[in-house]
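Protein chains in written order, with the working numbering: chain A, 8 to 308; chain B, 3 to 492.
The C-beta atom is built at its ideal place from N, Cα and C for all residues, glycine as well.
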Amino acid sequence: MTYRFNDVPEVRSNLKKVSYLADEGIAGVVYLSDRLQKPVLVEGPAGTGKTQLAKSVAEMSGARLIRLQCYEGLDESKALYEWNYKKQLLRIQAERNLTGDGSWEEIEDDIFSDEFLLTRPLLEAIQSEDPVVLLIDEVDRVEIETEALLLEILSDYQVSIPELGTVTARQIPLVFLTSNNTRELSEALKRRCLFLHIDYPDLEREREIILTKVPDINEALSDQIARVVRSVRQLDLKKAPSVSETLDWARTLVHLGVDHIDAKTATDTVNILLKYRSDIEKTVKEFATDESLNIDQSSDG
Amino acid sequence: MDKLDLTPTASPLLELLNGFIVELRQAGLPVSLTENLDAVAAVKHIPIEDREAFKYALAATLVKNHAHWRAFETVFEVYFSLRGEEYTLSGEDLEDAASEDSVASDNEQQLGQMPGQGGGQEGLTQEQLAEMLYRSLMNSDQNLMRAVSRVAVQRFAGMEPGRPVGGTYYLYRTLRNLDLEGVLERMLKEAELENAELDSLNRRLLKDEYEHRIEELKKQIEAEIRRRLVADRGVEAMAKTLRKPLPEDVDFMHASREEMVALKRAIWPLTRKLAARLARKRRHGRKGPLDFRNTVRHSLSYGGVPAEPKFKFPKPAKPEIMVIADISGSVAAFARFTLHLVYALNSQFSKVRSFVFIDGIDEVTQYFEGVDDITAAIHRVNTEADVIWVDGHSDYGHAFEVFNERYGKDVGPKTTVMILGDARNNYHASQSWVIKEIESKARKVFWLNPEPRSYWDTGDSIVSEHSAYCEGTFEVRNLRQLESFVENLV
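Here it is as structure tokens:
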């Protein structure tokens, strides 16, 4: 068994090469998932780069990314495989019209073969000859019953098809499942995965992210943006700004030719960072209050 | 999967890991056997001297719920605090601090000469220490901060060996002597002098930054205290002292402010779940009547034979919810939580009506409608709702009577009624016939009681008089119980 990565720092630096700035925890879990051959369940607030992690890992290791987007009502025929019954029908008719002497068993064997199987993302991922990164996106959207579909492939990297037998993986794919935590996932699923919680980045990492992702931004501005965002996230808001919103804001400021944020610029552009009116009002109010006054009062009292 | 390595060389670590996992289970984390094995397999791939990586490896395999992270971290810090760089470097890093920072070199030299453990701190006056603290925070100098926190704990905490207390007491004593608020003020003044044209935003940012640094320092001090306690009293005893209930086990009635914030966040997914539960029931329920047009249309692909009957979707019944909540003093903490729940419910269901009572009852639905800010809504409920009839001591009987009189006609066969309260009636008449009447009209009546079951029907509690007419009476003291209530609702 050869491993994809040698050590944690290597994962980290390789991810950095494809503009994904991982912290110690993220890199460590990616590394472990390769070593232990276990899927990674990635959880965290929206817009912190959960899906991007899978994409970046695929890019960095030169693997093909196969993505299964989950939604309510997802079933076997969309996730695993489906028999191409139209083609099966044609096959049966062709048999009858051309020769007419094929025995029942022969035809039956024939129409339940690989040729008539439509592979869906999960089956495709384990059948692939080349290295693959499988991304199962927003797994919390499927019903708890449908989760069971995933269990076999996640623990044994195989799919059982009644008519064909068991298809085992030609290579072990790296699997990432993302969840927005709208519901508790089943114990069975969690047990099979490594767990990774991606939170909002800390100040240094966010600054780095801005510097990498936003062209033509200078260090001072990115530092200031990261600081503002950190302060905003500390407020009790309905929806804290995500990394992607931070980047949008940074790009806007660059376009506006701002190189130093003051209270007025922040107030004028904060609607890019926040999406709820009440949040915006609260933030503007917070930033407008003069802190030095408050301090003087508190020291008196 | 790799075989377990049980050779003698591996066993000290294995033993430590075992103790660690036992403690995690004691703290309430559900660690299964497979996860245990995964953890053992994982740490074999991690260089043992890399403490952070080691921590994340354990977390990834053992902790599958982010809400449990804090509990995990506490146990980890206790079990592995005597390992890792901070501990082994106890002597040298002081000197590191001295050599790295040239600005404050004279003071640090003094510090650097001090032994890491015990005695010798006479070399540093109170003022000098305060100055170093200030400078370490101002320059965000991690090494100096660590050194300062070590000295501070040594000098101020007054730790006595063998004393069975948690770290909080020592932390309090240390922080009181450091006067961090004064330091913050000084830092801000200094920054303002340096930079005269700071506007409100940037001043704010600066303050946040300094507060952040002070938090860091507090964490350092806490870690230092913990390290000493562990060294003194041993790992198991310490872990036991520090054990705290998991977020889902925190009692609503006695939740601290911090715990309350965590609870608030947890309510949202719960109401979504509640909504999903009710919606799912609708979707999976009986199919609707035959859809003739659709069946005929589909019959064309079978040569006109209606082989696949199609059905209309049943019209979903919109659930109506009425929440009646006690907000009297005896359940104050619970009531605050209740209002959050009501607010969350409001966003998930189209028809939620909410009522609050003490000895009078008032409808508060409109306070929650179209409100973005829950605190404003709660403030309005607390100040504007007319809930006091005579003396402001809870009187369930009277409140229910008035409810029945004013709103009883709105209770219909689609209505689910949820009553939240401890049923402590101050020896007033119970008027439980009202509940009986509501029950006969409503779809279901549930009673959620924040008191432990063993307290029910003691003193002035009249749970069973009412519960006789409820579909179910549930003890809901923590999130876990609330969750199981929601789970079993269908």
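Q: Helix, strand or coil for I217/A, going by three-state DSSP, please let me know.
A: Assignment of I217/A by DSSP, reduced to helix, strand and coil, places it in the helix class.
**Q.** Cβ contact (3+ pairs, closer than 8 Å) linking the segment 114–124 of chain A and the segment 42–56 of chain A
**A.** The segment 114–124 of chain A, when compared against the segment 42–56 of chain A, does not touch it at the 8 Å Cβ threshold.
Q: State the DSSP-derived secondary structure class of M116/B, mapped to helix, strand or coil.
A: The pLDDT assigned to M116/B is 42, lower than 50, so where the model puts this residue is not dependable; a value taken from the coordinates is nonetheless given after this. Correct three-state label for M116/B: coil.
Q) Cα-Cα, which of T272/A, V221/A, D206/A, L181/A is closest to R71/A? A) With distances taken between Cα atoms, R71/A lies closest to L181/A.
Q. Counting only beta-carbon atoms, is V64/A nearer than 9 Å to chain B?
A. At least 9 Å separates the CB of V64/A from every CB of chain B.
Q | Interface residues of chain B facing K197/A [CB-CB closer than 7 Å] | A | For K197/A, the chain B residues whose Cβ falls inside 7 Å of its Cβ are K66, in order along the chain.
Q: Please go through the same chain and pick out, in chain order, the residues whose beta-carbon is closer than 7 Å to the beta-carbon of V36/A, but skip the five residues on each side of it.
A: Around V36/A: V47, L201, L203.
Q) G290/B and K314/B look like a contact to me (Cβ under 8 Å); what is the Cβ gap, rounded to whole Å? A) With a Cβ gap of about 4 Å, G290/B and K314/B count as contacting.
Q) Going along chain A, which residues have a C-beta under 7 Å from H47/B? A) Using a Cβ-Cβ cut-off of 7 Å, H47/B is close to L39, R42 of chain A, given in chain order.
Q: Enumerate in chain order the residues of its own chain whose CB-to-CB distance from L81/A is below 7 Å, with the five nearest sequence positions on each side excluded.
A: Non-local beta-carbon contacts of L81/A in its own chain, meaning distances under 7 Å to residues more than five positions away in sequence, involve V149, T153 in chain order.
Q: Whole angstroms is fine: what's the gap from N428/B's alpha carbon to S396/B's?
A: Between N428/B and S396/B, the C-alpha separation is close to 7 Å.
Q) Which runs of the beta strand (DSSP E) fall wholly inside the segment 41–106 of chain A and span at least 3 residues, in chain order? A) The segment 41–106 of chain A contains these whole beta strand (DSSP E) runs: 47–50, 71–76, 88–90.
**Q.** Endpoints, the beta strand (DSSP E) within which D529/B is located
**A.** Shown here, chain B extends from 3 to 492; a query on residue 529/B therefore has no answer.
Q: Output the distance between the C-alpha atoms of K191/B and V185/B, rounded to the nearest integer angstrom.
A: Using only the alpha carbons, I get a separation of about 10 Å.
**Q.** Beta-carbon neighbours of L203/A, restricted to chain B and to distances below 7 Å
**A.** Here the neighbours are A62.
Q. When Cβ atoms are compared, which residues of the segment 14–33 of chain A fall closer than 9 Å to chain B?
A. So the close ones are D14, V15, E31, G32, I33.
Q.
Restricting to runs no shorter than 4 residues, where is the alpha helix (DSSP H) found entirely within the segment 413–459 of chain B?
A. Taking only runs of at least 4 residues, the alpha helix (DSSP H) segments lying wholly in the segment 413–459 of chain B are 435–443.
Q) Assuming K446/B and E473/B make a contact with CB atoms under 8 Å, what is their CB distance in whole Å? A) Yes, K446/B and E473/B are in contact; Cβ-Cβ is about 5 Å, under 8 Å.
**Q.** Reference S63/A; option with closest CA among V139/A, I118/A, A155/A
**A.** Among V139/A, I118/A, A155/A, the Cα nearest to that of S63/A belongs to V139/A.
Q: Could you pull out every residue in the same chain whose Cβ sits closer than 8 Å to the Cβ of S84/A, ignoring the five residues on either side in sequence?
A: These residues qualify, in order along the chain: R127.
Q | Option in I269/B, L219/B, N204/B with minimal Cα separation from N141/B | A | It is L219/B.
Q.
Less than 9 Å between the beta carbons of L130/A and V146/A, yes or no?
A. It is not a contact, given that the beta carbons lie outside the stated cut-off.
Q) Quick one: Cα of E293/A to Cα of I232/A, how far? A) Taking the straight line from one Cα to the other gives about 16 Å.
Q: Please compile the residues from chain A whose C-beta is within a distance smaller than 8 Å of the C-beta of E196/B.
A: The premise fails here: E196/B is roughly 14 Å from chain A at the closest Cβ pair, so nothing lies under 8 Å.
Q.
Taking only three categories from DSSP, how would you classify I227/B?
A. Helix, per DSSP.
Q: Using DSSP bridges, identify the partner residues of D144/A.
A: Its beta-bridge partners are Q76/A.
Q: Kindly indicate if chain B contains any beta-carbon less than 9 Å away from that of E159/A.
A: E159/A does not count as touching chain B.
Q: Would you mind telling me which residues of chain A sit closer than 9 Å to T36/B, beta carbon to beta carbon, in chain order?
A: The CB of T36/B comes closer than 9 Å to the CB of R198, R199 in chain A, given here in chain order.
Q: State yes or no: is the beta carbon of D251/B nearer than 9 Å to at least one beta carbon in chain A?
A: Proximity of D251/B to chain A, defined by a Cβ-Cβ separation below 9 Å, is not satisfied.
Q | For R206/B and E194/B, the rounded distance between their alpha carbons | A | So the alpha carbons of these two residues sit roughly 12 Å apart.
Q. For G21/B, which of helix, strand or coil comes out of DSSP?
A. In the structure shown, G21/B sits in a helix (DSSP, three-state: H, G or I).
Q. Leaving out five residues before and five after A44/B in sequence, what residues of the same chain have Cβ atoms less than 6 Å from its Cβ?
A. Same-chain partners within the cutoff: A59, T63.
Q. Within 9 Å (strictly less), CB to CB, does K85/A reach chain B?
A. Contact of K85/A with chain B is not assigned, every C-beta pair being separated by 9 Å or more.
Q) For A104/A, which residues from the same chain have a beta carbon less than 8 Å from its beta carbon, with the 5 sequence-adjacent residues on both sides left out? A) Checking the sequence, you will find Asn at residue 104/A rather than Ala. Around N104/A: no qualifying Cβ.
Q: Determine the burial state of G414/B: buried for a count of at least 16 other Cβ atoms within 10 Å of its Cβ, exposed for fewer.
A: Taking all protein chains shown into account, G414/B has fewer than 16 neighbouring C-beta atoms within 10 Å of its C-beta and is therefore exposed.
Q) Which of the residues in the segment 122–155 of chain A, read from start to end, lie with their CB under 8 Å from any CB of chain B? A) Residues passing the 8 Å Cβ filter: E150.
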